[in-house]
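In what follows, a structure is listed as structure tokens, so that the remarks can point back to it.
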Amino acid sequence: MKVTDTNLTSMPEFVLLGFSDVPNFQWFLFGIFLVIYMIILLGNGVIILITRVDSTLHTPMYFFISNFSFLEICYVSVTLPRMLMDLWTQKGTISFFACATQMCFFLILGATECFLLAVMAYDRYVAICNPLHYPIVMNQKVCIQLVAGSWISGTPVQIGQTVQIFSLPFCKSKEINHFFCDIPPMLKLACGDILVNEMVVYIFAVLFVTVPFMLILGSYSRIISTILKLPSNTGRTKAFSTCSSHLIVVVLFYGSATITYLNTKSNQYEGTDKLLSLFYTILTPMFNPVIYSLRNKDVTDALRKFLPKLLSL
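Going from the sequence shown to the working numbering is simple: count from 1 and add 51.
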């Protein structure tokens with residue numbers, strides 16, 4: 052009876068190992084990641100602000116971009132502040148509930164990012180391949196529905212997946228060899244037969260990562276085909292520049308996420324998994340403001356008009 056009470060009342064506490072394998076670089080990493088976090092907040096925050104205050108940016112494309120920037124702030128805030136705290140205190144202890152909450156929000160926001168990237172690719176496809184129908188197809192109601200669908204679609208599924216993962220018995224080590232609570236390192240701590248859980252992870256990885264990625268590639272293949280038919284060399288160069296920039300972000304995000312989530316069993320490349328995770332959790336949110344907006348002439352013009360007003364306040 053005593054053992055039963057203990058098992059029922061005690062919840063496992065985990066330890067995020069993070070970058071403890073390089074103890075001499077803890078403060079250096081703290082400084083680097085703090086600067087990155089500030090860049091992400093500032094870059095995406097500026098994009099949200101100028102797309103709201105500048106009337107010339109009140110178009111479907113910038114509506115999606117501003118939503119994407121807000122998503123990036125939320126997405127990176129699920130993992131980075133916790134990682135900064137662990138680097139500062141050099142303690143990675145995290146409670147069962149906090150770990151489950153972090154994973155749940157991370158999965159929900161990750162699924163939203165996959166869908167929203169696909170929506171943004173579809174928006175560019177309609178704008179370039181069907182420009183005459185663009186105002187009708189991408190009207191305000193459709194844009195709001197697409198964004199709302201991106202935010203809502205994955206939520207119940209990812210909540211269910213989190214519950215499934217944290218219903219497993221964790222009878223192995225409580226040390227998570229990662230800098231946040233993610234599915235692959237959590238499955239490595241579980242004991243017993245987890246074949247069903249791994250199959251569920253594979254299925255959701257295909258649904259939420261691979262399928263949107265293929266839709267994006269399909270959209271851009273049609274876009275590139277249309278661009279090649281443009282008579283102006285300048286127009287082709289500008290369009291190719293925009294498409295290549297977007298595709299770099301897409302490949303970094305989807306490529307690293309796919310490798311990580313389709314390779315849940317491997318224990319040999321845990322360091323590589325952490326490195327890949329940095330791409331889709333931190334680096335792509337940092338580069339997105341530059342690639343999606345700050346290289347755009349409309350955005351730079353809006354910044355030139357907005358910054359003097361802001362500094363004069």
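Here a beta-carbon is modelled for each residue, glycine too, at the ideal position from N, C-alpha and C.
Note that this is a predicted model, so its numbers are computed, not measured.
For residue 66, which residues does DSSP report across the bridge?
For the purposes of this step, residue 66 is taken as residue 15 along the sequence shown, with counting starting at 1. In DSSP, residue 66 forms a bridge with 144, 226.
So the alpha helix (DSSP H) residue 122 belongs to, where does it begin and stop?
Mapped onto the sequence shown, residue 122 falls at position 71. Its alpha helix (DSSP H) spans residues 111–128.
Three-way DSSP call (helix, strand, coil) for residue 183 in this model
As a first step, residue 183 must be located in the sequence shown, where it is residue number 132. Correct three-state label for residue 183: coil.
Pick from 268, 176, 195 that is closest to residue 366, judged by C-alpha positions:
This structure cannot speak to residue 366, because the chain is shown only from 52 to 364.
Determine the contact status of residue 169 and residue 111, defining contact as a CB-CB distance below 8 Å.
Taking the sequence shown and counting its residues from 1, one reaches residue 169 at position 118. Taking the sequence shown and counting its residues from 1, one reaches residue 111 at position 60. No, Cβ-Cβ distance for residue 169 and residue 111 is not below 8 Å.
Distance, residue 216 Cα to residue 248 Cα:
Counting from one through the sequence shown, the residue named residue 248 turns up at place 197. Counting from one through the sequence shown, the residue named residue 216 turns up at place 165. C-alpha separation (whole angstroms): 7 Å.
Taking all protein chains shown into account, do 16 or more other C-beta atoms lie within 10 angstroms of the C-beta of residue 415, making it buried, or fewer, making it exposed?
Here the chain covers residues 52 to 364 and nothing more, so residue 415 does not appear.
Within the same chain, show all residues whose beta-carbon is closer than 6 Å to that of residue 120, passing over the 5 residues directly before and after it, in chain order.
The residue labelled residue 120 in the question sits at position 69 within the sequence shown. Same-chain partners within the cutoff: 95, 98, 99.
Using only the alpha-carbon positions, how far apart do residue 79 and residue 218 sit?
The count along the sequence shown starts at 1 and reaches residue 79 at position 28. The count along the sequence shown starts at 1 and reaches residue 218 at position 167. Residue 79 and residue 218: Cα-Cα distance of roughly 37 Å.
Closer than 8 Å is the cut-off here; do at least three beta carbon pairs connect the stretch 203–213 with the stretch 154–162?
yes
Could you pull out every residue in the same chain whose Cβ sits closer than 8 Å to the Cβ of residue 341, ignoring the five residues on either side in sequence?
For this step, residue 341 is matched to residue 290 along the sequence shown. Closer than 8 Å at the Cβ level, and outside the excluded window around residue 341, lie 94.
Alpha carbon of residue 350 to alpha carbon of residue 246, nearest angstrom:
The sequence position of residue 350 within the sequence shown is 299, counting from 1. The sequence position of residue 246 within the sequence shown is 195, counting from 1. Going by the C-alpha atoms only, they are around 49 Å apart.
Does the contact criterion of 3 or more C-beta pairs under 8 Å hold for the stretch 223–236 versus the stretch 325–334?
yes
C-beta atoms of residue 70 and residue 194 nearer than 8 Å
Position 19 of the sequence shown, counted from the start, is the residue given in the question as residue 70. Position 143 of the sequence shown, counted from the start, is the residue given in the question as residue 194. Going by C-beta atoms, residue 70 is not nearer than 8 Å to residue 194.
Quick one: grab the DSSP three-state call for residue 275.
Numbered from its first residue, the sequence shown carries residue 275 at position 224. If DSSP states are grouped into helix, strand and coil, residue 275 belongs with the helices.
By alpha-carbon positions, which one of 166, 91, 257, 102 ends up nearest to residue 199?
Along the sequence shown, one-based indexing puts residue 199 at 148. Comparing Cα-Cα distances from residue 199 to each of 166, 91, 257, 102, the minimum goes to 166.
If you check the beta carbons only, do residue 176 and residue 103 fall under 8 Å apart?
By one-based count along the sequence shown, residue 176 stands at place 125. By one-based count along the sequence shown, residue 103 stands at place 52. Contact: no.
If you follow the alpha helix (DSSP H) that residue 192 is in, where does it begin and where does it stop?
One-based indexing of the sequence shown puts residue 192 at position 141. Residues 191–204.
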